[in-house]
Each structure stands twice: as C-alpha cells, then as structure tokens.
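Numbering (this note's numbering), first residue to last: 8 to 208.
Ideal placement from N, C-alpha and C gives every residue a C-beta, glycine not left out.
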Amino acid sequence: MATLAPSRKETILARAEQHFADHGFQGASLSAIARDCEVGNPGLLHHFPSKEVLYRAVLERQAEDLTARICKRVEAAPDLPARLQAFVALQVEWMHARPTGFKLVTRELLDNAERIQHAQTRPLEGFLQASLGLVAAAQAAGLVRDDLSAVVVLTLIFGTLNYAKMARPTFAKTFAEPALKSDTAWMKAMARDVLRVISTP
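See below:
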C-alpha cells in the first residue's frame, strides 16, 4: 500500500522544527524556512501568518508527541514506582527518537526568558504540569525525597538528563568512564542514577 506524501503544512512544520532547533526563535528566518520547503514566503505565510504562529505550531507538535508518549508508556504502567521509572526512561527514549525535538525543547527552556513573559500560549505547559503531578504523587507516596520541592526534583531530572546528553561527546574525550563510550549506555546509566538521587533512602 502506497504511503501518502506529507502535506505542504506538514513539510513546513518539519523543516521549521530543524531551523528553530538549530538557530532558536530569534535566529531562525522565515525566508530560509520557506526556501528549504520550496514554497516561497507567500506559500509559507498562507499556512502560518507569522514566525510566532509557526513557532507555536512547532512547539505544539512536540507537546503532543510528549503527551502521547506519556499516555502510552507512563500512564499504562501498573503502579506508581513503575510510572516514575517509565517517566525517567521516557525522557531518554524521546531524546533518541526525536533528537531535533529534544534540541528544540532544550533551546526553548534555555532561551525563552524574555519571550515567555509575553507569550499568550505556552505549548509545553500541559506536559510540564503532568510531569510535576507525577513527581508530587511520588513524593506523597514516600518514593521521592520530600526535602526538596517537586519543582526542584523535576529540574534535577530534566537538567541531569539534558546536560548528560549534551556533554557526553566532550566528557568521552576527557574522562575514562566506560559508559561514556556509548550514548545508549551513558544515558541508561544517567537515568538509573538520577532515580537514585531523587529517591528516598
């Protein structure tokens, strides 16, 4: 059975994701995205009337993907400990499955300090609230340290995994840690150890 070619709108979203991931919101150019999609500026603006609208649509796709993965993997886990483990493992799996999306979301979290103050919508908010709810539930059940706020614990999870992923190539050239030789082994070890750090003794 023949697969349908992606629509023009889907093509624009996919190429824009790469541009925003590489250059951030400020650095990405609508003209460059339009050229990459071979649609021209009028064709791009027909679907997305401004850079803000296009960027929001790209982020919404990331949020939808993350939320769908949570529903499939985390919410289906049999109990709270398994859900917490699945949540941490999911972050690593998503980094591998969607490297451009991972880069884009990391940029969004690091680079958006001024823009987020005026944003009418925040596409990642639902995912972040669901993540925080899981951490708070794990704290209430005595699975996760409660001497730290749930937001701090969530920051430790995201921050540790994101930094580990980005730093591995440099660390692998600097340190003799065997796990650093393989991205898969390194991230699996980081996922295991971040769970140890946040868990109650």
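The alpha helix (DSSP H) with residue i in it runs from where to where?
{"i": "residue 188", "result": "First-last for residue 188: undefined, no H or E at that position."}
{"i": "residue 115", "result": "106–118"}
{"i": "residue 86", "result": "Element bounds for residue 86: n/a, residue is neither H nor E."}
{"i": "residue 164", "result": "157–181"}
{"i": "residue 74", "result": "58–76"}
{"i": "residue 38", "result": "37–44"}
{"i": "residue 15", "result": "15–34"}
{"i": "residue 52", "result": "47–54"}
Looking only at DSSP bridge pairs, what is residue i linked to?
{"i": "residue 151", "result": "206"}
So is residue i buried or exposed if we call it buried at 16+ other beta carbons inside 10 Å?
{"i": "residue 131", "result": "buried"}
{"i": "residue 108", "result": "buried"}
{"i": "residue 41", "result": "buried"}
{"i": "residue 78", "result": "exposed"}
{"i": "residue 83", "result": "exposed"}
Between the options, which has its C-alpha nearest residue i's C-alpha?
{"i": "residue 53", "options": "66, 68, 37", "result": "37"}
{"i": "residue 111", "options": "73, 44, 66", "result": "66"}
{"i": "residue 159", "options": "175, 142, 170, 149", "result": "142"}
{"i": "residue 169", "options": "14, 116, 80, 49", "result": "116"}
{"i": "residue 171", "options": "102, 51, 49", "result": "102"}
{"i": "residue 31", "options": "99, 51, 57, 119", "result": "119"}
Spatial neighbours of residue i within its chain, please: CB distance less than 7 Å, with the 5 preceding and 5 following residues excluded, ordered by chain position.
{"i": "residue 23", "result": "40, 61, 65"}
{"i": "residue 175", "result": "187, 190, 193"}
{"i": "residue 133", "result": "70, 74"}
{"i": "residue 95", "result": "164, 198, 201, 202"}
Looking only at its own chain, which residues have a Cβ that is under 6 Å from the Cβ of residue i, when we skip the five neighbours before and after it?
{"i": "residue 153", "result": "146"}
Residues in the same chain with beta-carbon distance under 8 Å from residue i, minus the five sequence neighbours each way, listed in chain order, please.
{"i": "residue 149", "result": "207"}
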